[in-house]
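Below is one structure, written out as structure tokens; comments come after it.
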Amino acid sequence: MTLLHPLIENAYRVLNGEELTEAEAMALVEQIHGTDIPDLISLANKVRNKFAGEIIACSIINAKSGHCNQNCRFCAQAQAHNTEIETYDLLDREEILSSAQEIYDAGVRIYGIVTSGYGYKNTENAEFKRILEAMDELHERFPGLKICASLGILSDETAKALNLPHFYCEKRDGVLTLRRDFVIPPGSRVLLVEDEVYTGQSVMEMREIVRALGAQVAGTICIVDKSMGQAPVPPPFASLYAIPVESYLPGACPLCAEGIPLVNQ
Ligand code: SF4
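What follows is the structure, encoded as structure tokens:
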């Protein structure tokens, strides 16, 4: 006789490489409570052990918390939401360094600096300068420490200051091209990032640009996949969100039939 909840017992088959249906996964989320939760955690740990390989510890510091005037609806950092989180301005360089010392002494070699807020567009911004100074000192003081940063939206200028190589393509005579003296070194691996994918044409044009320069496309990501996975984008390809979009052949469009003009916004 097993003491496991039947839903968890059923879920053990994932250890044999089988997949749960969405309904089975949702049932686990919705129906496992109380003393059954540790059994589910135990199964999750076994799945991780079997399929995820070695665990690499990392640590992040919430270097600036709350006060964000962007007020995204989902975010606890938004100043308009009363979520009772601790809020504070950007920490001093010393506070960032002493927290890094703690995790470094504990053997952690990846350290992420996270800040609330829209981001940094100008390298003259006092906060951005303080973050760069802290990063420089982290590199000096802690050999082998890999530093990550989640600082919101960056501009060309601030991304360059962080030594983040990036490029973007622009349309010229209806064709995507690489301009502005952007250079993709031969042999480099490039991640393509799109806001939305529908036909996949822009992605294919960017792939060709990268290939022609002797570089390699490592993968493609987008925010919205309007093709619902049907666009001919070679893997690996991932989207944050997929939503179907209706399209019509010329002559069969109900909007045209209603006299609604075609606009490109
Ligand atoms: S911009 Fe970032 S920090 Fe600010 S509310 Fe939106 S998600 Fe949160």
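First residue of the sequence shown: 5, per the working numbering; consecutive thereafter. Every residue, glycine too, gets a C-beta built ideally from N, C-alpha and C.
Relative to the ligand SF4, the nearest heavy atom lies less than 7 Å away from the CB of Gly-121.
In this structure, Ala-153 sits near Gly-116, with a CB-CB distance shorter than 8 Å.
Counting only runs of 4 or more residues that sit fully inside the stretch 205-249, the alpha helix (DSSP H) segments are 205-216, in chain order. In the three-state DSSP reduction, Lys-150 falls in the strand class (E or B). Ala-61 and Ile-151 have their C-alpha atoms some 13 Å from each other.
Straight-line spacing of the CA atoms in Glu-88 and Ile-100 works out to 23 Å. Residue environment: Ala-67 is assigned as buried (16 or more neighbouring CB atoms within 10 Å of its CB, all protein chains considered).
Inter-residue distance for Gln-35 and Cys-79 is about 27 Å (C-alpha atoms, whole angstroms).
In the structure shown, Ile-117 adopts extended strand secondary structure according to DSSP, grouped into three states.
Of the residues Asp-160, Pro-190, Val-207 and Ile-157, the one whose Cα lies closest to the Cα of Thr-181 is Val-207. DSSP places Cys-173 outside any alpha helix (DSSP H); the residue lies instead in the beta strand (DSSP E), whose first and last residues are 173-176. Residue pairing by DSSP puts Ile-65 in a beta bridge opposite Ile-117. Taking all protein chains in view, the Cβ of Gln-83 is surrounded by fewer than 16 other Cβ atoms within 10 Å, so the residue is classified as exposed. Arg-193 has Gln-220 as its beta-bridge partners, per DSSP. Three or more Cβ pairs drawn from the stretch 172-181 and the stretch 209-219 lie within less than 8 Å of each other, which places the two stretches in contact. With contacts defined as CB atoms closer than 8 Å, Leu-195 and Ile-225 qualify as a contacting pair.
Within the stretch 66-147, complete beta strand (DSSP E) segments of at least 3 residues are found at 114-119, given in chain order. For Val-33, there is no enclosing beta strand (DSSP E); the residue is found in the alpha helix (DSSP H) stretching over 26-35.
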